[in-house]
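Visitor: Using my numbering, the letters of the sequence shown map in sequence onto residues 151 to 356. Dropping a structure here in structure tokens format, bear with me for questions.
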Amino acid sequence: MVNDTHIRRDFERIGNWVDKGSRVLDLGCGDGDLLDYLHGHKQTQGVGVEINDERVIACVKRGVNVIQQNLDEGLAMFGDQQFDTVVLSQTLQAVHQTEHVLREMVRVGRTGVVSFPNFGYWPHGWSILRGRMPVTGQMPYAWYNTPNIHLCTLKDFEDLCQQLGLRIIERVTFGPHRQVKWLASWRATLALYRFTAGEPSSRGRR
Numbered sequence: 151m152v153n154d155t156h157i158r159r160d161f162e163r164i165g166n167w168v169d170k171g172s173r174v175l176d177l178g179c180g181d182g183d184l185l186d187y188l189h190g191h192k193q194t195q196g197v198g199v200e201i202n203d204e205r206v207i208a209c210v211k212r213g214v215n216v217i218q219q220n221l222d223e224g225l226a227m228f229g230d231q232q233f234d235t236v237v238l239s240q241t242l243q244a245v246h247q248t249e250h251v252l253r254e255m256v257r258v259g260r261t262g263v264v265s266f267p268n269f270g271y272w273p274h275g276w277s278i279l280r281g282r283m284p285v286t287g288q289m290p291y292a293w294y295n296t297p298n299i300h301l302c303t304l305k306d307f308e309d310l311c312q313q314l315g316l317r318i319i320e321r322v323t324f325g326p327h328r329q330v331k332w333l334a335s336w337r338a339t340l341a342l343y344r345f346t347a348g349e350p351s352s353r354g355r356r
């Protein structure tokens, strides 16, 4: 069982969005922390997808169902609406086929949940003005060893959702220490979105 004192902030919010006993697919599941947390708190039936050998082994050791697969190759092994929730937690910026992965999320799941570091966070701009790529707590890598290939701002992601016909149900943003609501585009380090398939519409926020 995951120790709650070490739970990432987005895990707790995702837990609030997931129904008890529901089916969850976690893309880029890492060591299986999120699925372990959701199973312990919401008795979910979870499956993870992960490419890294060591992380797959870690999932197996803790009893998390995991499939070793590259997300960019798609989710063809899963049927339409097979899951209630499909999660892509702090992995969006590392996939190559961003549009395809987002479309697949709402094909195999009723709702999708995505979290990612906000490149619009104001210290990032200040760092670039000083001639340096930003390195912060949410983006701790140097430019030459970062796994992040598709960094974006809140508006970038929302525009992409509109382009793909994804309907945003809810958005939550966090700063370095707490949830951020005022001037989130500049002050948030981490964004968390819940969305579903549907026609483009005004963006729902709570």
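Each residue gets a CB set at the ideal place from its N, CA and C atoms; glycine is no exception. All values derive from a computational prediction rather than experimental measurement.
For Ala-226, count neighbouring Cβ atoms within 10 angstroms of its own Cβ and tell me buried if that reaches 16, exposed if not.
Guide: exposed
Visitor: From Gly-270 to Trp-332, what does the alpha carbon distance come to, in whole angstroms?
Guide: 14 angstroms
Visitor: Return yes when the Cβ of Val-174 is within less than 9 angstroms of the Cβ of Glu-200, no when it is not.
Guide: no
Visitor: Contact between the segment 243-252 and the segment 299-314: three or more CB pairs below 8 angstroms?
Guide: yes
Visitor: In the DSSP assignment, what residue or residues form a beta bridge with Ala-341?
Guide: Phe-266 and Thr-323
Visitor: Does Leu-225 come out as helix, strand or coil in the three-state DSSP assignment?
Guide: In the structure shown, Leu-225 falls within a coil segment according to DSSP collapsed to helix, strand and coil.
Visitor: Go ahead and pull the three-state DSSP assignment for Thr-235.
Guide: strand
Visitor: For Ala-316, which beta-bridge partners are listed by DSSP?
Guide: According to the sequence displayed, residue 316 carries Leu and not Ala. Note: Leu-316 sits in a beta bridge opposite Ala-347.
Visitor: Could you check if Gly-178 is buried or exposed, using at least 16 other CB atoms within 10 Å of its CB as the buried criterion?
Guide: buried
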